[in-house]
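Report on one structure; see the data block that follows.
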Amino acid sequence: MSDAPFRPFDSHIDEAAALRLLRAATAGADDGELFFERRRSEAIVLDDGRIRNASYDASEGFGLRAVLGEVAGYAHATEISESAMLRAADTARLAVGSGGGTMAAPPRGTNIKLYTDKDPMADATFAVKIDLLKEIDAYARALDPRVVQVSATINAGLQEIEILRPEGMRFSDGRPMARMNVSVIVEQNGRREQGGTGGGGRYGLARLLERGHWQPMLHEALRIALVNLDAVPAPAGVLDVVLGPGWPGILLHEAIGHGLEGDFNRKKTSAFAGLLGQRIAAPGVTVLDDGTIPDRRGSISVDDEGTASARNVLIENGILVGYMQDRQNARLMGVAPTGNGRRESFAHIPMPRMTNTYMLGGDADPASIVASLKDGIYAVGFGGGQVDITNGKFVFSCTEAYRVRNGVVGEAVKGATLIGDGATALKQIRAIGNDMALDPGIGSCGKQGQFVPVGVGQPTLMIGGLTIGGSKT
């Protein structure tokens, strides 16, 4: 594929022909669009001193959607041509039938650009990336003789989109992404433990390849691994929990964020359905979804329907004030779109999705929050988790956590899981730190089989009475 900017109406199909087909597919519909995409990405993985995988992927295609009421017809193809578009229009048209809808007003245009549209893969040659990964391996092994295995990954890519609407408006965006992950395995007295970290965002690879970036990452990965070497089995029972700032916001994202997406609330399958204007969280709790933060992994200049990204307040001082909306759900609920219509690729239909979801900081000193914990867990790192959207019940595993007694942080614990439900946890927040932080840029969110990059964040929080799943009673 060419490295020239993706301009489908210059290189693939006549704009007038595409518009004619789109209008035929959406005549009598409430909404619809043509979504064009070109994506290029590269991944290089070093594991145990060897390059395990080096891949380059490229794809392009389009999706055509016609929406009437709650029904949407969607067809997509990897061939951007008039003949493929004609077949797609005929398919999408089936959802509209005899019509009867009124075309919704188009999104407002925006000149805001939250990140560069340059290809991050071009920041370094393939040979330079390979040499860097080998340098990372050597550096990590030299840090501590207990390091027995090192893994490092470089990912970079560029997604370019163009959206054509029935009234003739066009929206475009070039979305870069770069990320680096490192992990180490340490061994002592026959026991092995792992530690890892990573991060990135919508910028070039250059800043990730600097020693000032990856060397501290390796020190952090080693620190986590060594902490886990001395960890003891986690207790089980109902305990108060202090969550650290930044990445622990993934619990907020999963247990609460999904429940505030418009489609779940329109269909009344969310634990928060019908609660607008009511208190759902402790005083002081303010939660936002903000896709406008420059260079962040979850940010988007425009969403995948052409709506400008926005800073949306979801919970304000404990009161539910809004949901995240795409165009279809917003229209059906009688509210404005919020810039949260997202899709994984041209092969997927858009739906309400989070961008960067975080809780604002309070006024409490983080150290004083931990010191006030009489008997509980201090959790600063999280791995995988599960949540049931209908009731908000969640289970999250901790990757770094400590036992706290009488305000003193004690031994590290392993095998701890946090069990609860989002609605209850929100009301049991007892203290909010003044140290709000965003995650380092590692989040991906799954919904109905689609994955999109996201960001999370929060300050230090104390939550009362969470169930801790552990092996020690």
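Heads up, the final residue of the sequence shown is numbered 467 in my numbering, and it's a clean run with no missing numbers.
Quick reminder that beta carbons are idealized off the backbone N, C-alpha and C, glycines included.
>> Quick check on this structure: which residue in G328, G55, D224 and N105 has the alpha carbon closest to the alpha carbon of S295?
In response: Here residue 295 corresponds to residue number 301 of the sequence shown, with the count starting at 1. Among G328, G55, D224 and N105, the Cα nearest to that of S295 belongs to N105.
> If you count every other CB in all the chains shown that lies within 10 Å of the CB of A330, and 16 or more means buried, which is it?
Replying inline: By one-based count along the sequence shown, residue 330 stands at place 336. The residue is exposed, with fewer than 16 neighbouring Cβ atoms inside 10 Å.
>> Using only the alpha-carbon positions, how far apart do D8 and E27 sit?
In response: Here residue 8 refers to the residue found at position 14 of the sequence shown. Here residue 27 refers to the residue found at position 33 of the sequence shown. Whole-angstrom Cα-Cα distance: 16 Å.
>> By the DSSP assignment, the alpha helix (DSSP H) with V122 in it spans what residues?
In response: Working through the sequence shown from its first residue, we reach residue 122 at position 128. Element bounds for V122: F120 to L137.
> Exposed or buried, what is T20 when buried is set at 16 or more other beta-carbons lying within 10 Å of its beta-carbon?
Replying inline: Translated into the one-based positions of the sequence shown, residue 20 becomes position 26. Counting Cβ neighbours within 10 Å, T20 comes out buried, since at least 16 surround it.
>> Using C-beta distances below 6 Å, list every residue in its chain close to L237, excluding the 5 sequence neighbours before and after it, in chain order.
In response: Numbered from its first residue, the sequence shown carries residue 237 at position 243. Counting only Cβ-Cβ distances below 6 Å, and skipping sequence neighbours, we find A373 and L455.
> Alpha carbon to alpha carbon, what distance is there between L460 and A419?
Replying inline: Looking up residue 419 in the sequence shown gives position 425. Looking up residue 460 in the sequence shown gives position 466. Roughly 8 Å separates the two Cα atoms.
> Going by alpha carbons, who is nearest to T311 out of V142, V90, D369 and I423?
Replying inline: For the purposes of this step, residue 311 is taken as the residue at position 317 of the sequence shown. Before going on, a small fix: residue 311 reads as Asn here, not Thr. The shortest Cα separation from N311 among V142, V90, D369 and I423 belongs to I423.
>> Suppose the cutoff is 8 Å on Cβ atoms and the five residues either side in sequence are ignored; what does the same chain contact list for D138 look like?
In response: Your numbering for residue 138 matches position 144 in the sequence shown. The residues are V180, L216 and L220.
>> I need the straight-line Cα distance from A136 to T191, nearest angstrom please.
In response: Here residue 136 is taken as the residue at index 142 of the sequence shown, counted from 1. Here residue 191 is taken as the residue at index 197 of the sequence shown, counted from 1. About 18 Å.
> What residue does the beta strand (DSSP E) around I470 start on, and which one ends it?
Replying inline: Nothing can be reported for residue 470: it is not among the residues displayed for the chain, which extend from -5 to 467.
>> Check for me: the alpha helix (DSSP H) holding R17 runs from which residue to which?
In response: Reading the sequence shown from its first residue, position 23 is the one you call residue 17. Here the alpha helix (DSSP H) through R17 covers E9 to T20.
> What beta strand (DSSP E) runs, 3 residues minimum, are completely inside the segment 50 to 131?
Replying inline: 65 to 71
> Where do the N-terminal and C-terminal ends of the alpha helix (DSSP H) with V364 fall, by residue?
Replying inline: In the sequence shown, counting from the first residue as 1, residue 364 sits at position 370. That run of the alpha helix (DSSP H) goes P360 to A365.
>> According to DSSP, is A302 part of a helix, a strand, or is it coil?
In response: Here the question's residue 302 lines up with position 308 in the sequence shown. Of the three classes helix, strand and coil, the one that applies to A302 here is strand, per DSSP.
> For A425, which option in G63, P288, G285 and V235 has the closest C-alpha, if you only look at C-alpha atoms?
Replying inline: Translated into positions along the sequence shown, residue 425 becomes position 431. Out of G63, P288, G285 and V235, V235 has the C-alpha closest to the C-alpha of A425.
> Terminal residues of the continuous alpha helix (DSSP H) containing S5?
Replying inline: Numbered from 1 along the sequence shown, position 11 holds the residue referred to as residue 5. Per DSSP, S5 belongs to the alpha helix (DSSP H) from P2 to S5.
> Are the beta-carbon atoms of G435 and G168 separated by less than 7 Å?
Replying inline: Position 441 of the sequence shown, counted from the start, is the residue given in the question as residue 435. Position 174 of the sequence shown, counted from the start, is the residue given in the question as residue 168. The answer is no: Cβ separation not under 7 Å.
>> For N350, which residues in the same chain have their Cβ closer than 6 Å to its Cβ, ignoring the five residues on either side in sequence?
In response: Position 356 of the sequence shown, counted from the first residue, corresponds to residue 350. Around N350: D284, I287, R290, G292 and G449.
> For Q530, which residues does DSSP report across the bridge?
Replying inline: Beyond the ends of the chain as shown, which are -5 and 467, falls residue 530; an answer cannot be given.
> Any contact of the segment 338 to 356 with the segment 403 to 421, i.e. 3+ C-beta pairs under 8 Å?
Replying inline: no
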